Amino acid sequence: MALSATLRRAFALAAFAFVSAAQTAPARAEVKVGIDLSSTGPAAVIGITSKNAMLMWPKTIAGEPAQYIFLDDGSDPGAAVRNINKLINEDHVDVVVGPNITPAALAALDPVAASHTPMITLIGSGSVVEPQSGPRVWAFKMAQTDTAMADVMTRYMSNHGVKTVGFIGFADSYGDSWLKEFSTFAKLRHISIVATERYNRTDSSVTGQVLKLMEAKPDAMLVAGAGTPAVLPQRELVQRGFKGPIYQTHGIATPAFIKLGGKDVEGTLFPTQPVVVARTLPADHPSKKAAMAFVDSYEAKFGAGSVTQFAGDAAGVYPRLNDAVARALKTARPGTEAFRSALRTALEQAHELVVPNGVVTTTATDHVGLDQRASVMGAIKDGKFVYLSQ
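Read in order, the letters of the sequence shown are residues -29 to -1, 1 to 361 in mature numbering (1 follows the signal peptide of the UniProt record, and there is no 0).
In structure tokens form, the structure reads like this:
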């Protein structure tokens, strides 16, 4: 039966009203932050302290209400990708924070790029943001790069008479990145790598690898691991009688490493960032004030000596978001692709932004933004992390 002119007119008016309402409806008021961390599994010591710092974030970002959605990937890159797909496709987040292990961050590049969602990772390796092309243009990174850390470490080695080094690192992208960067700076400073071995994060023995390293009789050893799995090679080296200095990477800077390692890690030398050695930083260090403010707040909540570099990196995400969201809001509202794109652009425009672990100045080609002010040498002395040199 044909519709009457009156009914056709009513339907037309209803349709017009629906479309008009959809077009004029305000965008979402809150900023949604999706967070993927390794709160369980081998990297839990990193993820837990990162989460602790994030639980201290304010409830607003740049004056807008903020919603923080936490997911645990169990230190599994596959689970990390599933989490990030959920955050993007079901929770419709404006930005992803994490993952905090290199393989997971690399695996996450494709989904964040496909959805035009910026991602601020908490890993050490620069491989997730270098070079700035393809999906990497959607990725940013909080921690200082392996490049900068290898630079400050080899400079210290050279200044202290190290000519030969034995290397043992994770058999994954973290170990790959460290071997590559360390090799570059070692060559520059006339330091020879005389033996190279690898191991897995879940291994229970590295006796064979350590014996081969010791046969090469290097001046020093470098363990390229992170978290508590980095204790294993050092303990084996000490118990097998290695007497030279043992260097670790910035991935060890957690109280759990010292607790598990005990006397076997006393004297460890490592590159790190300001938060880890905040109390012994020179008074004129540009991040001293911000680092100490965070350390005091964190330790008041979680206990003396509980702060980690990873907690410091996580704390620094908030001022970076607060800075970038304020600019992105001038272009679009949260919950839209336009806002996510504006936020990505704003994140690469930070200028001399002081965070607990350094001073950030990002560009279209540099999505880390930290210079050598964020790299220091530290040591473990009397069961504590202390500052050695810039």
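Think of the CB as a built atom: it goes at the ideal place given N, C-alpha and C, for glycine as much as any other residue. These numbers were taken from a predicted model, which means no experiment stands behind them.
- If you draw a straight line from the Cα of Asn23 to the Cα of Val181, it comes to about 35 Å.
- A straight-line Cα-Cα distance of about 23 Å links Ala195 and Ala79.
- If you draw a straight line from the Cα of Glu270 to the Cα of Ala187, it comes to about 43 Å.
- DSSP lists Val4 as the beta-bridge partner residues of Val66.
- Judged by their CB atoms, Val246 and Ala191 are not nearer to each other than the 8 Å cut-off.
- In the DSSP annotation of this structure, the continuous segment of the beta strand (DSSP E) that includes Thr167 starts and ends at 163 to 170.
- Following the DSSP letters along the chain, one finds Glu35 inside the beta strand (DSSP E) bounded by residues 35 to 43.
- Counting the other CB atoms within 10 Å of its CB gives His322 a total below 16, which places it among the exposed residues.
- Within the same chain, Cβ atoms closer than 7 Å to the Cβ of Thr20 are found at Thr225, Thr279, Phe281, Ala282, the five residues on either side in sequence being excluded.
- In this structure, the straight-line span from the alpha carbon of Leu240 to that of His131 is close to 12 Å.
- Between the segment 242 to 259 and the segment 339 to 358 there are three or more C-beta pairs closer than 8 Å, enough to call the two in contact.
- In the structure shown, Ala50 falls within a helical segment according to DSSP collapsed to helix, strand and coil.
- Straight-line measurement puts the Cα of Ser176 at about 11 Å from the Cα of Gln205.
- DSSP links Ser360 through a beta bridge to Met348.
- Residue burial annotation: Pro82 is buried, with at least 16 other C-beta atoms found within 10 angstroms of its C-beta.
- A Cβ-Cβ contact shorter than 8 Å links Tyr145 with Ser96.
- In summary, Asp117 is buried, with 16 or more beta-carbon neighbours lying within 10 Å of its beta-carbon over all protein chains present.
- Counting only runs of 3+ residues, the beta strand (DSSP E) found wholly inside the segment 227 to 271 occupies 240 to 243, in chain order.
- Taking a contact to require three or more Cβ pairs closer than 8 Å, the segment 214 to 225 and the segment 35 to 50 do not qualify as touching.
- For Ile91, there is no enclosing alpha helix (DSSP H); the enclosing beta strand (DSSP E) covers residues 90 to 92.
- In the assembly as shown, Gln115 is a buried residue. Its beta-carbon has 16 or more other beta-carbons within 10 Å.
- Looking at Ile139, Thr155, Lys151, the one whose alpha-carbon comes closest to that of Lys183 is Ile139.
- Inside the segment 171 to 208, DSSP marks whole beta strand (DSSP E) runs of 3 or more residues at positions 191 to 195, from first to last along the chain.
- Per DSSP, the continuous beta strand (DSSP E) segment holding Phe141 begins and ends at 135 to 141.
- With a beta-carbon spacing of about 7 Å, Leu292 and Val66 fall inside the 8 Å limit used to define contacts.
- Between Gly5 and Val64, the CB-CB gap stays under 8 Å.
- Between the alpha carbons of Val325 and Thr178 lies a gap of roughly 44 Å.
- Lys112 places its beta carbon 8 Å or farther from that of Val123.
- For Ala110, the enclosing beta strand (DSSP E) starts and ends at 110 to 112.
- Assignment of Gln219 by DSSP, reduced to helix, strand and coil, places it in the strand class.
- Judged by beta-carbon spacing, Ala121 lies within the 8 Å limit of Phe153, meaning their Cβ atoms are closer than that value.
- For the pair Leu300 and Gly340, the Cα-to-Cα distance works out to about 22 Å.
- With fewer than 16 other Cβ atoms from the protein chains shown falling within 10 Å of its own Cβ, Asn171 counts as exposed.
- With respect to the 8 Å criterion, Ala227 and Val16 are classified as neighbours on the basis of their beta carbons.
- Exposed is the label assigned to Pro102, since fewer than 16 other Cβ atoms lie within 10 Å of its Cβ.
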